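S.K.: When the letters of the sequence shown are read in order and numbered with the working numbering, they come out as residues 910 to 1331.
Note that the Cβ used here is the ideal one computed from N, Cα and C, for glycine as well.
Just so we're clear, the structure is a prediction, and the values are computed from it rather than from any experiment.
Input: one structure, supplied below.
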Amino acid sequence: MSETCDIAIVGFGAAGIAAGIFAGQKARETGGPAHIVALDGAKTIGAKIRVSGGTRCNVTHERISAQDYNGSKNIVRNVLAAFDAQAAMRWFEEMGVKLKREETGKLFPVSDSARSVLGALMRRCEELGVEIWTGCRVHELMTDQAGGFVIGHERGRLDAERVILATGGRSLPRSGSDGFGYELARRLGHSVTATYPALVPLVLDSAFFHAELSGVSHEVELATVCAGKAVDRRRGSLLWTHFGISGPVVMDASRHWVIGRASGGGVEMRCGLLPGETVESLEVELVRLAAGSGQSVGRWLAGRLPERVVAAVLKHLGIDSGTPLPQLPRDRRRGLVHALTGLALPVVGDRGWNYAEVTAGGVPLAEIDYRTMESRKVPGLHLVGEILDCDGRIGGFNFQWAWATGCLAGGAAGNCRAGRAL
Ligand SMILES: Cc1cc2nc3c(=O)[nH]c(=O)nc-3n(C[C@H](O)[C@H](O)[C@H](O)COP(=O)(O)OP(=O)(O)OC[C@H]3O[C@@H](n4cnc5c(N)ncnc54)[C@H](O)[C@@H]3O)c2cc1C
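Below, the structure written as structure tokens:
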């Protein structure tokens, strides 16, 4: 089967869907309708949207800045300026998805249903006449003599004037995003930086005490140290699990540990169990308390950390929780202070692509014109979403990147179809 279209969207996840909607809208405004075809290898569209945010879909965040992303800050800033969080909120409202803001600043649909978000996006695609071909994996993407593209897919061939490549990264490969899009980009002359799982839980040495704390979460300060230098510091909620550690602070820090390990220079993760405290502040407090009270170590820590964490840490250090502070030997006191301010977490690995929410690395942003997301190497090709070398922190930032890049690419491609210069 051989067919033709004006704009082909290869991969129809969050970024591809946004691109399809904005291309359809622009084509309408400027005299379309353009024939837009979206091809996706998956049998049903939107697997990642459906599972996102614990099936509630954290669509964006009320405050978004380039600092929330890893990637070329200047380019990220320009992309976000073109379609910011307010624009995303308005866009969803227009599609009938009412949003609510949670205390953290994260925005979710009031329905608490990711399906309602996907439903609204699909309805808009239908209204705009975006044709969706599911179960249609693309295995080839080439330019033709006339400056267009030839797409080889499961059911035959599609010729397109423009292509929006939106195949995502490698995270959650069973959703259909298995990294093949990088190969398509590479064959067209793009480079691809090394890719790593990001926003991924971390596995601790099974001999450590994490398993007995499974399900407990609390505020910590986490530092990732590579070759003796802190490459990342952050504060937030850590969740102890049967395999190791998770929770927002761990997910955000994970890319630094993963990349640090790959660099081969030695990487450590240190956890401050009492955020805001330092070795000096705790030493001063403990010396003062030892002089003036007979309070036990366990009692002192009781109000500051969850009970199970206190018990596990003291057991790990070989300190009896009933030991009165005045009777705690100096070396034990020092050991305790160091554990409370920088507990060495024996991270042995990450949970891999099946548990990673995003991909770090990809097609360098410098190879893209940020005004249109058009390739600087292949005219007529646009790249959007996670395939690009940009990953955000947890909290709606990655979907915002997908919507924003999709908006720019779709708007530009739809405009071009109407015969105008980009
Ligand atoms: C469990 C989980 C929860 C998440 N929760 C949130 C959240 O709440 N908020 C947030 O901001 N971000 C969240 N994310 C991240 C967010 O889902 C991604 O950043 C976003 O989906 C990336 O969009 P994308 O369109 O670039 O890629 P994807 O969503 O991965 O879509 C790529 C599409 O391309 C298709 N495809 C791939 N290769 C081919 C091919 N060769 N031929 C045809 N089709 C192909 C795939 O089938 C897929 O449909 C979460 C991710 C996961 C895994």
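Is the beta carbon of K957 within less than 7 Å of some heavy atom of ligand 1?
M.R.: Correct: K957 has its Cβ closer than 7 Å to ligand 1.
S.K.: With distance defined between alpha-carbon atoms, name the residue in C914, D949, T939, R986 nearest to G1301.
M.R.: Closest by alpha carbon: R986.
S.K.: Apply the 10 Å Cβ neighbour rule to D1053 and answer buried if 16 or more other Cβ atoms are within range, or exposed otherwise.
M.R.: Answer is exposed; the Cβ neighbour count stays below 16.
S.K.: Any contact of the stretch 1230-1240 with the stretch 1201-1216, i.e. 3+ C-beta pairs under 8 Å?
M.R.: Cβ pair count under 8 Å is three or more, so yes.
S.K.: Going by beta carbon distance, what residues of the same chain come within less than 6 Å of R1142, once the five residues before and after it are set aside?
M.R.: Excluding positions up to five away in sequence, the list reads A1132.
S.K.: If F921 sits next to I1041, beta carbons under 8 Å apart, how far is it from one beta carbon to the other, in whole angstroms?
M.R.: At roughly 6 Å, the Cβ-Cβ gap stays under 8 Å, so F921 and I1041 are in contact.
S.K.: Tell me the rounded alpha-carbon separation between M1160 and L1198.
M.R.: If you take the alpha carbons of M1160 and L1198, they lie about 36 Å apart.
S.K.: Going by DSSP, what residue range makes up the beta strand (DSSP E) through P1018?
M.R.: It spans 1015-1018 - the beta strand (DSSP E) in which P1018 sits, taken as one unbroken run.
S.K.: Going by DSSP in three states, D1240 sits in which element: helix, strand or coil?
M.R.: Of the three classes helix, strand and coil, the one that applies to D1240 here is helix, per DSSP.
S.K.: Return the chain-ordered list of same chain residues with a C-beta closer than 6 Å to the C-beta of Y1279, the five sequence neighbours on each side being excluded.
M.R.: These residues qualify, in order along the chain: I984, N987, V988.
S.K.: Could you check how far apart the C-beta atoms of S1079 and D1087 are, in whole angstroms? I think they sit under 8 Å.
M.R.: This sequence places Arg at residue 1079; Ser is not what is there. Contact flag correct, Cβ pair sits at about 6 Å.
S.K.: Would you say R1164 and A1269 are within 8 Å of each other, going by their C-beta atoms?
M.R.: Yes, Cβ-Cβ distance for R1164 and A1269 is below 8 Å.
S.K.: Should Q1309 be labelled buried (16 or more other beta-carbon atoms within 10 Å of its own) or exposed?
M.R.: By the 10 Å Cβ count, Q1309 comes out buried.
S.K.: To which residues of the same chain is E1177 closer than 7 Å at the C-beta, ignoring the five residues directly before and after it?
M.R.: Contacts found: V1134, A1253.
S.K.: Residues in its own chain within less than 8 Å of V1140 by CB, not counting five upstream and five downstream?
M.R.: Counting only Cβ-Cβ distances below 8 Å, and skipping sequence neighbours, we find T1133, V1134, H1165, G1169.
S.K.: Indicate whether the contact test is met: 3 or more Cβ pairs, each with one atom in the stretch 1277-1294 and one in the stretch 1240-1248, closer than 8 Å.
M.R.: No: fewer than three Cβ pairs fall under 8 Å.
S.K.: Cβ of F1306 versus every heavy atom of ligand 1: is any distance shorter than 7 Å?
M.R.: F1306 Cβ: within cutoff of ligand 1.
S.K.: Please classify V1129: is it buried, with 16 or more other beta-carbons within 10 angstroms of its beta-carbon, or exposed?
M.R.: With 16 or more Cβ atoms within 10 Å of its Cβ, V1129 is classed as buried.
S.K.: I think V1341 touches A1029, with their Cβ atoms under 8 Å apart; what is that distance to the nearest whole Å?
M.R.: Since the displayed the chain opens at 910 and closes at 1331, residue 1341 lies outside it and no answer follows.
S.K.: Straight-line CA distance for E1192 to A1120?
M.R.: Between E1192 and A1120, the C-alpha separation is close to 30 Å.
S.K.: For K1286, does the three-state DSSP call read helix, strand or coil?
M.R.: DSSP places K1286 in coil when its eight states are reduced to three.
S.K.: Does any heavy atom of ligand 3 sit closer than 7 Å to the C-beta of F1152?
M.R.: Because ligand 3 does not appear in the structure shown, any question about it cannot be addressed here, the ligands present being ligand 1.
S.K.: Label A1200 either buried or exposed according to how many other C-beta atoms from any shown protein chain fall within 10 Å of its C-beta, with 16 as the threshold for buried.
M.R.: By the 10 Å Cβ count, A1200 comes out exposed.
S.K.: Regarding G1294 and ligand 1, is the C-beta to nearest heavy atom distance less than 7 Å?
M.R.: G1294: yes, Cβ under 7 Å from ligand 1.
S.K.: If you follow the alpha helix (DSSP H) that F1001 is in, where does it begin and where does it stop?
M.R.: Where F1001 is concerned, the enclosing alpha helix (DSSP H) stretches over 994-1003.
S.K.: Per DSSP, H944 forms a beta bridge with which residues?
M.R.: According to DSSP, which records beta bridges pairwise, H944 is partnered with nothing at all.
S.K.: Nearest by alpha-carbon distance to V1257: which of T1102, H1099, C1045, V1112 is it?
M.R.: Cα-wise, what sits closest to V1257 is V1112.
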